[in-house]
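Single-structure report; data block below.
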Amino acid sequence: MTENTDVIAADAPADDSPTLDQLEKEGDIAADYIEEFLDICDLDGDIDIDARNGRAYLSVQATDADNLRLLSKPETVNALQELTRLAVQNKTGSFSRLILDVGGSRDARQAELASLVARAIERIEGGAAEASLPAMSSYERKLVHDLVSEHGYVSESKGEGRDRHTVISAS
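Take any residue in the sequence shown, count from 1 to its spot, add 2: that is its number in our numbering.
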């Protein structure tokens with residue numbers, strides 16, 4: 003396994019945002035955890051660590067795409083991400099908002115979300131007052147809010163817990 007570290011950070015974190023040093027530490031702890039997990043599963047993978055938007059990002063790639071096929075399923079990535087966050091929290095004592103990507107699963111999901119947003123906007127342009135999207139994680143809702151804003155529309159999150167979803171409107 004190889005590990006590459008690329009760090010991109012904003013000029014200054016907000017008061018409650020983790021520092022670049024904290025994000026690097028989170029990334030290192032998470033990479034160690036994922037590397038150990040891959041070893042236990044007898045899987046090969048390269049781990050890249052990045053820091054952006056106040057979060058540590060870990061990306062796991064393999065030269066043989068089939069090597070990570072099972073781990074790159076969205077539900078599996080989310081579960082592994084939560085386990086990794088807990089491992090980081092156990093070592094640092096602080097809540098982690100790290101994002102894990104396995105085999106390009108996050109890019110694939112972002113493309114799906116862009117398609118959902120485009121279809122919702124078509125409904126609004128067709129006369130609907132608003133369009134609701136399915137429930138999704140806070141990270142995915144953030145991506146949706148950004149996509150909606152780029153198209154000049156408004157979105158808000160509604161609901162509680164597992165039912166929290168995004169509603170898009172023209173204003």
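Using N, Cα and C, we set each Cβ at its ideal position, and we do this for glycine too.
Asked                                                                                                                                                               : Found
Is the stretch 144-151 close to the stretch 107-118, with three or more CB pairs under 8 Å?                                                                         : yes
For Gly29 and Leu60, which I take to be in contact (beta-carbon distance under 8 Å), what is that distance rounded to the nearest angstrom?                         : 6 Å
By Cβ distance, which residues of its chain are closer than 7 Å to Thr86, with the 5 residues on each side in sequence left out?                                    : Ala32, Tyr35, Ile36, Leu100 and Leu102
Do you know whose CA, among Gly163, Tyr155 and Glu162, lies nearest Ala172's CA?                                                                                    : Tyr155
State the Cα-Cα distance for the pair Ile126 and Ala133, rounded to the nearest angstrom.                                                                           : 7 Å
Determine the DSSP secondary structure at Leu135, reduced to helix, strand or coil.                                                                                 : coil
Spatial neighbours of Gln63 within its chain, please: CB distance less than 6 Å, with the 5 preceding and 5 following residues excluded, ordered by chain position. : Asp48
Which residue comes first and which comes last in the beta strand (DSSP E) that contains Asp48?                                                                     : Asp48 to Arg54
Taking the alpha-carbon positions, what's the Asn55 to Ala131 distance?                                                                                             : 32 Å
Using DSSP with H/G/I as helix, E/B as strand and the rest coil, what is His147?                                                                                    : helix
Out of Gly128, Asp68, Ile123 and Ala120, which one is the CA nearest neighbour of Val104?                                                                           : Asp68
May I have the straight-line CA-CA distance separating Ala120 from Arg57, to the nearest angstrom?                                                                  : 27 Å
Need the endpoints of the beta strand (DSSP E) that Thr168 sits in, please.                                                                                         : His167 to Ser171
Judging by CA-CA distance, which residue of Lys144, Arg111, Val169 and Asp18 is the nearest neighbour of Pro136?                                                    : Val169
Is Val79 closer than 7 Å to Ser107 when the C-beta atoms are compared?                                                                                              : yes
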